[in-house]
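Quick mapping for you: the protein sequence lines, in order, are chains X, E and V.
Counting in our numbering, the first sequence runs from 78 upward without gaps.
Counting in our numbering, the second sequence runs from 31 upward without gaps.
Counting in our numbering, the third sequence runs from 63 upward without gaps.
Heads up, the beta-carbon is just placed ideally off N, CA and C, and yes, glycines get one too.
In this text the structure is predicted, and so the values were computed from the model without any measurement.
Data first, discussion second: the structure below is written as C-alpha cells.
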Amino acid sequence: MALRVGCVAAPGRATENKTGAWRVFKPVFEPEKCSRCGMCAMVCPEGCVRETEEGTFEPDLDYCKGCGICAEICPKKSIRMEKEEK
Amino acid sequence: MAEVEGGGCELFSAGHRACAGCGPALAARLILKATGKNVIVVAATGCMEVFSTPYPETAWGVPWIHSLFENPAAVASGIEAALKKQGRNEKVVCICGDGSTLDIGMLCISGAFERGHDITYICYDNEAYMNTGIQRSGATPYGASTTTSPAGSCSLGNPRPKKDMPAILAAHGAPYVATASIAYPNDFVQKVERAINTPGPCYIQVHTPCCTGWGFESGETLAMAKLAIDTGLWVNYEMVNGVVEKAKKVRRKPVEEYLAKQKRFRHLFKPSRRDDVIAQIQAIADTNAERFGIDIKRKESSE
Amino acid sequence: MLEFMEGSHAVAEIVKRCRPQVIAAYPITPQTHIVEDLAQMVANCELDAEYITVESEFSALSACLGASAAGSRVYSATTSQGLALMFEVCFNVAGMRQPVVMTIANRSLGAPLSIWNDQQDSIALRDSGWMQFYAEDNQETVDLHMIAYRVCEDHDILLPAFVCFDGFILSHTYEPVAMPSQEEVDAYLPAFTPYQRLDAANPLSFGMYATPEYYMEFRYEIDRAMQRAKQAIIRAGREFGEHFGRDYSALVEGYRLDDADTALVAMGSICGTVKDAIDEMREQGRKVGLLKIRTFRPFPAPEIAAALSGVSTVAVLDKNISLGNGGAVGTEVKAALYGSGAAVYDYIIALGGRDVRKRDIAAIVDLAEKGKGDMFYGLRTEVL
Chain X
78 MALRVGCVAA PGRATENKTG AWRVFKPVFE PEKCSRCGMC AMVCPEGCVR
128 ETEEGTFEPD LDYCKGCGIC AEICPKKSIR MEKEEK
Chain E
31 MAEVEGGGCE LFSAGHRACA GCGPALAARL ILKATGKNVI VVAATGCMEV
81 FSTPYPETAW GVPWIHSLFE NPAAVASGIE AALKKQGRNE KVVCICGDGS
131 TLDIGMLCIS GAFERGHDIT YICYDNEAYM NTGIQRSGAT PYGASTTTSP
181 AGSCSLGNPR PKKDMPAILA AHGAPYVATA SIAYPNDFVQ KVERAINTPG
231 PCYIQVHTPC CTGWGFESGE TLAMAKLAID TGLWVNYEMV NGVVEKAKKV
281 RRKPVEEYLA KQKRFRHLFK PSRRDDVIAQ IQAIADTNAE RFGIDIKRKE
331 SSE
Chain V
63 MLEFMEGSHA VAEIVKRCRP QVIAAYPITP QTHIVEDLAQ MVANCELDAE
113 YITVESEFSA LSACLGASAA GSRVYSATTS QGLALMFEVC FNVAGMRQPV
163 VMTIANRSLG APLSIWNDQQ DSIALRDSGW MQFYAEDNQE TVDLHMIAYR
213 VCEDHDILLP AFVCFDGFIL SHTYEPVAMP SQEEVDAYLP AFTPYQRLDA
263 ANPLSFGMYA TPEYYMEFRY EIDRAMQRAK QAIIRAGREF GEHFGRDYSA
313 LVEGYRLDDA DTALVAMGSI CGTVKDAIDE MREQGRKVGL LKIRTFRPFP
363 APEIAAALSG VSTVAVLDKN ISLGNGGAVG TEVKAALYGS GAAVYDYIIA
413 LGGRDVRKRD IAAIVDLAEK GKGDMFYGLR TEVL
C-alpha cells in the first residue's frame, strides 16, 4: 500500500495487531458473581472488556494482554487469572 | 455501568503496543471518554506516542498530531489560533509525559500558559523517562532508583523531590489546575471534562504508575496508584484560579507500605534498611498532608 | 507604480497580501521590522490574522507547524541564531510536508556573535527539505514570497520554503518596489486548501513514527517532491510573469554570460554589485559574466552546468563556509560542473557583514584567471 504523505494515517489499523498473542495469563470471568459495576471495562488499558447482552462483561481475547488489572479491581472478585495453555 | 463513546467504538483502540498493565494507556482511554470525538490531541514523543502510532497502525480515532518531544504546547498554541481563525470548536488537548512536560518542554508550556491559549494540557506522570528506558526526570520522586539516578554504594537514588508543576502553572494564571490518578478513573474523567470546558490554559497532572519502570506486577497498577494517594505521596486536588480546593482526604498509611512494593525503592530495604531515607520520604508525605489537609481527622473525644 | 520603502516593510506588505491566518514570530535583528510591521497591521485590523507572540523561535516554528496542520496558511520570519534554534523543527516541518513560508533576513552565525549579513544561516539548513530562494533586491524579495506560497501549497509539492534576503543590505535599505494590490495577489495566490488537516470530522494521525521498514521511503518521497518542485517553480514563475510582468521562470539567471570566458556565480544581493563590476570590466574588454542562483534548493545542477557550458573559468562567491571544506555553494557548483573541463574556484567572501566593493569582484576575477582560488578573500592579515 502506498505511503501517505507526511507519515499520516487514518484510524483503525492498530486493531490489526492482535496483542492477545502476548498473554501468559488470561482472565476468566465468572458472570454469576458479577455486580455489573462496569469497573473492569473502565480500567482495562486495552479497552477490550466488553459488555454482554446480560449486562455482565467478558474480555476480547484477541487483544487481552493478561495484565490482571481487571481481576485486581473487581469488587466481587469475579475475575481470576489463569495460566493459559498454549 | 461503564459506557464507551461513539456507539461501542473505542476512540483509543486496542492493538496498541503498550506494556500489559500500562497506566498511561488507561489514561489515554479515559481522556477520550471525557473529550469525545470533537478533540484534537497533541502528543509528545514518549511512551504513549510510540506505543500508539507505529506507521501505519494508529490507535487514535480522533485527530492527533505528534511533532517533537518538547513542543506540544507550542504546536497546540498554533492549532488553537488556527481553529479560532477558522471558526472551529474542536478542543485542543495536549497529552504528554512527565519528562516532556516538566523538563524539556518547560519553555513551550510556560509560553503557552502565559499567553493564555484555550488549551488543556494533560501530563501523564509515570515519574521518569520511561520510553527511553527509565531515566530520571524532574518528576522522579526523592529516593527512587532510575538508570540515571541509580542507587549505588554512594547514592541513595534520585536526590531531589518532584518539581511542583501544578504550582508553576497556577502561577502562570491558569484558571484550572488539577492532579488526578488512574486509581480514581471517574474523578479523572470529570476533571478532564472540567478542564476542556474551562476557557484558558488548564493543566492536569495524572498519576500513571508504570509496572515496567517502577518494578511491580502488571495487575497492581491501580493498587499502586491508590497506595500513592493513601500514603500522601500523591495528592489529588484541584486549584481554581490558583487556590486549592477539594483535596482528596485519606486515612493515611505509612510510606513504607508503598515503597516496599516497588523495585525502584528496593535499595531502601536491601541489602540493609535505609531508615534515614524512608524517614525523609515520610516527611515529604507529611508535608503534603499538612499543605493540602488530606488527613481524615479522628474524632476528638469530648471531656 | 513604484513605491520607495524599506525592505522589511516591503516584506510585511506582501505577507499581509498573502493572507496568512496565523503568524508566529519572535524578534531577532535584522528581521524585527517585519514582525513589528505585521503586528501593527494586525493591531489596526488591516490584517486578519492570529498573531502569536511566542517565547522563542523554536516555539514560533512549532506553532506554525500546528496551525498549518490544522489547515491555516501561516507565516514566520527569522535569521541566524533564531533559525539555528529552529533546526529541529525545520526537519520536522519538511518531514510532515507542511507548506510553511518563512522569510530569512540572512545573518551570520555565532560564535563569535555577529548581527551582520552572510548566508551561513539558511545554507546550513540545506539538508532540511526546505526550498530556498535568494533575492537579489527587494523587488525579488516581494515577488518570491508570492511564488513561494504558490509552490509550497501545490498538492504535488507540499514542502516549506525559506525566502532569503540579505540582512541589513536588503532588509534595512529603501528601494523602489512595485507592490501588487490585494486583488492582484488574490488572483495569483488563491486561498489555502490543505491536502489534509487535523479535523474531527475526518480524524487522522499526523507525525507517526516510521520503522526501518518505512523511513527510507518517506525520505525518498520528500526528495522526489523537491525534484518535482523545480518544474513547479518554473511554472509558477512563468505564470507570475504573465500576471505581473516580471518573469521568474528560471532557477538560475545569466547576466552577460553568453560569450563570457570567466563567470562569477553568486546568490543574493551581492549579485547587484557583481553586475556593476561586470559592466565596468566589460568596458575594459574583459569577457566576464554572472550566473545568479535564485533557487538553491532544489539545487539546479543541470541548469548550472548548461548555463556555464561555454565558460572556462568559474569563480564562485560564497557568503558562507562549511568549516573544514570550503564554501557550500562552491562545493555544489564544482559537483555540478564535474567533467566540464572548467576551472572552478571558490572564494569565501563578506562573512559577518564585511563589505564587498566592485574592485573586490574585479580582484577575484583576476585571481581566478591566474588560477588562484579556493581561499578566503580579503582577509585582514594584519590581525592574524
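Spell out whether any CB of chain E is found under 7 Å from the CB atom of residue i.
i      : result
T129/X : no
K78/V  : no
G128/V : yes
S118/V : yes
L64/V  : no
How about residue i: is its C-beta nearer than 7 Å to some C-beta of chain X?
i     : result
A44/E : yes
C77/E : no
Y85/E : yes
M31/E : Any reading at M31/E is ruled out, since the residue's pLDDT is 29, under 50, leaving its predicted position unreliable.
Using the rule of at least 16 other Cβ atoms within 10 Å of the residue's Cβ for burial, across every protein chain shown, is residue i buried or exposed?
i      : result
S112/X : exposed
V122/E : buried
A309/E : exposed
A73/E  : buried
C29/E  : No information on residue 29/E is available, as it lies outside the stretch 31 to 333 that chain E covers here.
P174/V : exposed
V77/V  : buried
C107/V : exposed
T255/V : exposed
V126/X : buried
Q182/V : buried
Tell me whether the beta-carbon of residue i lies closer than 7 Å to the beta-carbon of residue j.
i      : j      : result
H147/E : S107/E : yes
M329/V : I355/V : yes
L41/E  : L62/E  : yes
F218/E : A210/E : yes
G386/V : D408/V : no
G83/X  : R159/V : yes
F102/X : C117/X : no
S179/E : G168/E : no
C77/E  : N161/E : yes
S82/E  : A89/E  : yes
D216/V : A294/V : yes
L127/V : V105/E : yes
M236/V : E98/V  : Before going further, note that residue 236/V is Tyr rather than Met in the sequence given. No, the Cβ-Cβ distance between Y236/V and E98/V is not below 7 Å.
E112/V : K115/E : yes
V163/V : A223/V : yes
P231/E : A204/E : yes
V350/V : V427/V : yes
I332/V : V395/V : no
Quick check on this structure: which residue in the options has the alpha carbon closest to the alpha carbon of residue i?
i      : options                        : result
C241/E : Q235/E, Y233/E, A255/E, I152/E : A255/E
I326/E : K300/E, G262/E, P54/E, V236/E  : G262/E
D261/V : L80/X, P88/X, R81/X            : P88/X
K420/V : A105/V, H207/V, G334/V, E75/V  : G334/V
A86/X  : G299/V, I296/V, D180/V, A272/V : A272/V
M412/V : G157/V, M437/V, L399/V, W192/V : This sequence places Ala at residue 412/V; Met is not what is there. Measuring from the Cα of A412/V, the nearest candidate turns out to be M437/V.
Y310/V : A210/V, D180/V, D189/V, L109/V : A210/V
Y439/V : R416/V, E431/V, L313/V         : R416/V
DSSP three-state call for residue i: helix, strand or coil?
i      : result
R359/V : strand
F99/E  : coil
V34/E  : Reliability of the predicted coordinates at V34/E is poor, the pLDDT of 39 falling under 50, and the value obtained from them is presented with this limitation in mind. Coil at V34/E, not helix or strand.
C241/E : helix
S184/V : helix
D148/E : coil
I212/E : coil
V445/V : helix
F246/E : coil
T261/E : helix
M269/E : strand
D380/V : strand
M160/E : coil
Y140/X : coil
T335/V : helix
E447/V : Chain V is shown only over 63 to 446; residue 447/V falls outside these bounds and no answer can be derived.
Quick check: does the Cβ of residue i come within less than 6 Å of any heavy atom belonging to the ligand SAM?
i     : result
V92/E : Among the components of this structure there are no ligands whatsoever, and the ligand SAM is therefore not found.
Using a Cβ-Cβ cut-off of 7 Å, state whether residue i counts as contacting chain V.
i     : result
G83/X : yes
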